[in-house]
Amino acid sequence: MIIYRIKKKKICLSAPNSDEEGGDDFESRDHRLRRNNMLSPLALSLFTFLLLCPSFSSLPQSPLPTPIPAPNDPPTICIVGSGIGGSSVAHFLRHYSSHPFSIRIFERNGIVGGRMATVNVSGQTFEAGASILHPKNFHALNYTKSLGLNIKKPSSSDSFSLGIWDGKNFVFKTLSFSSKLPFVDKIVSLANSVLMFLRYGFSLLRMESFTEGTVDKFLKYYESSESRPVFETVDGMLKWAGLYNLTTRTLLEEMIDSGFSPLLIEELVTVITRINYGQSVSISGLAGAVSLAGSGGGLWAIEGGNWQMAAGLINRSDAALHLHEEIESISYLGEYYELNSTIGNRYTCEVTVVATPMDELNIQFAPQISIPKRELQHTHATFVRGLLNPAYFGLNAVSEIPELVGTIEDSDLPFSSISVLRQHGEKDMTYKIFSRQPMADTLLDSIFSVRQETIRIDWGAYPHYSAPEVFAPFILDGRHLYYVNAFENAASTMETSAVAAENIARLILSRFFSQSPLISSNLSSNSGELLHVDL
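For the sequence shown, position 39 (counting from the first letter as 1) is numbered 85 according to my numbering, and the numbering increases by one without interruption.
Have a look at this one:
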């Protein structure tokens, strides 16, 4: 991911990992920008240092000869990646087992969280990466409760306005009327429901049924670990829940068979998939259904940033965290794996877990591994503090522009969506723009009448979905080298990563420790009443 910041249109350049040559206003996202631009509290206090560095082994060390594990030493489990996947593996290993073992987590950046990150715009913090959670994301709910985090309630959708833009006109717009009187908002919401029904008809109910049916199948992954199998392949995991067939066909094919109207597919569904996955309705059916689920009601986030889940899980897992340390090679040496980092350190681990997408990494494996080729879909998130130009949309006033502007599938359209994150004043707002390509200054100047600050982030966000999906193995070498992100070809969310990570943890315990996973008494239960609560 690369992030750039522009203030007051004054542009200076600096290349990633190089000395600055043009000033401080235009920077690439590297360790400096982790400190300056992501601006979560993670790098701002001694408390955070203690939170993320439970041992001094997380600090860079001088190159040393590879230590050979002693026969009676507790085994070491190494995890590459500190996002929701890696932190969840560490959590569930501790959660399910009382065996003695140590955990090392390696993070190439200076902050944990992976694709969960925040950005600071004019002193205010917004989600820059994975930003929404579903009310039935029970692992995330459990993390939030057990870590004492606070749920950020979404702004009321009763008066939130939506517009679907085709490049020339708004083909559909909901009503917008801001009022402090709740009954007025309810009236506006009811009127918008009528407008939606008049345009899309009973296809809206078919879309809801299709989405809820998929979510219900996904809920099988929260069943008791005593009755739920441990899965060695993604295919087997999906087939057990009844979700595999959705990965063999496109979302478009699934919707046609389910009786969706062409207008609903072309407009509303396309807007949703472009916003949530940056792709069209040609994505695989399961990813499409997950995308639709991410547009429903009751969505939530964590106050202060979703990255706090990863930070809290790592802290409670008693893991040695190695920040600013990228793993460049993983070699199997008979009884253990040797991990070499780019700063010259070597580590030995009996078990190694790769919990980051390998599609754009250059980790060397010995012996070599084989996984299907996969491309990442890059989403460019552009944050602008300023004011939209109503003339760009053929309107007379900013107040006529919907708070969320979605777009249909058209290669000539320069963005997927524009949404209002915060209104500071009548003519001062913070916006988030999603696009498939970088937003040039000349384009932004035509869309905005005022730009006080602009921040660009290039996310390698999720796989480029193409049915039928082919999955990498969970077990990369037939031994104890595991890959959490193999599941991302099914769907990519914070919760699906947690579900895959829980399975990986159970795989490790059953294969390495020959243990049937049991619920540990020192952490809150992952099943039963605590999981199955709605917001």
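C-beta atoms are modelled at their ideal positions from N, C-alpha and C, and glycine is treated no differently.
- For H185, the uninterrupted alpha helix (DSSP H) run begins and ends at 184–192, by DSSP.
- In the displayed model, Y508 falls within a strand according to three-state DSSP.
- Under DSSP, R150 takes part in a beta bridge, and its partners are C124, A366.
- Counting along the chain, the unbroken beta strand (DSSP E) around I464 starts and ends at 463–471.
- DSSP places W211 in the uninterrupted beta strand (DSSP E) bounded by 208–211.
- Straight-line measurement puts the Cα of C395 at about 30 Å from the Cα of A176.
- Nearest in C-alpha terms to A136, of all of E406, L367, S495, G340, is L367.
- DSSP places F256 inside the alpha helix (DSSP H), whose first and last residues are 249–264.
- Of the other Cβ atoms in all chains shown, 16 or more fall within 10 Å of the Cβ of K478; this residue is therefore buried.
- Shortest Cα-Cα distance from A551 to any of F229, L297, H145, S445 involves H145.
- Taking C-beta atoms as the reference points, I123 and I149 count as a pair closer than 7 Å.
- Counting along the chain, no beta strand (DSSP E) covers F517, and no H or E run does either.
- With the rule of 3 Cβ pairs closer than 8 Å, the stretch 494–505 counts as touching the stretch 161–169.
- With a contact defined as Cβ atoms closer than 8 Å, E541 and N183 qualify at about 4 Å.
- Taking a cut-off of 8 Å on C-beta distances, the stretch 514–534 does not touch the stretch 338–346, as fewer than three cross pairs fall below it.
- Per DSSP, D523 has no beta-bridge partner at all.
- Taking C-beta separations shorter than 6 Å and ignoring five residues to either side along the sequence, the partners of M355 in its chain run Y189, following chain order.
- For M283, there is no enclosing beta strand (DSSP E); the residue is part of the alpha helix (DSSP H) that begins and ends at 280–287.
- With fewer than 16 other Cβ atoms inside 10 Å of its own Cβ, N408 counts as exposed.
- A Cβ-Cβ separation of about 7 Å places M485 in contact with H426 under the 8 Å criterion.
- Contact between the stretch 507–526 and the stretch 450–457 is not established, with fewer than three Cβ pairs separated by less than 8 Å.
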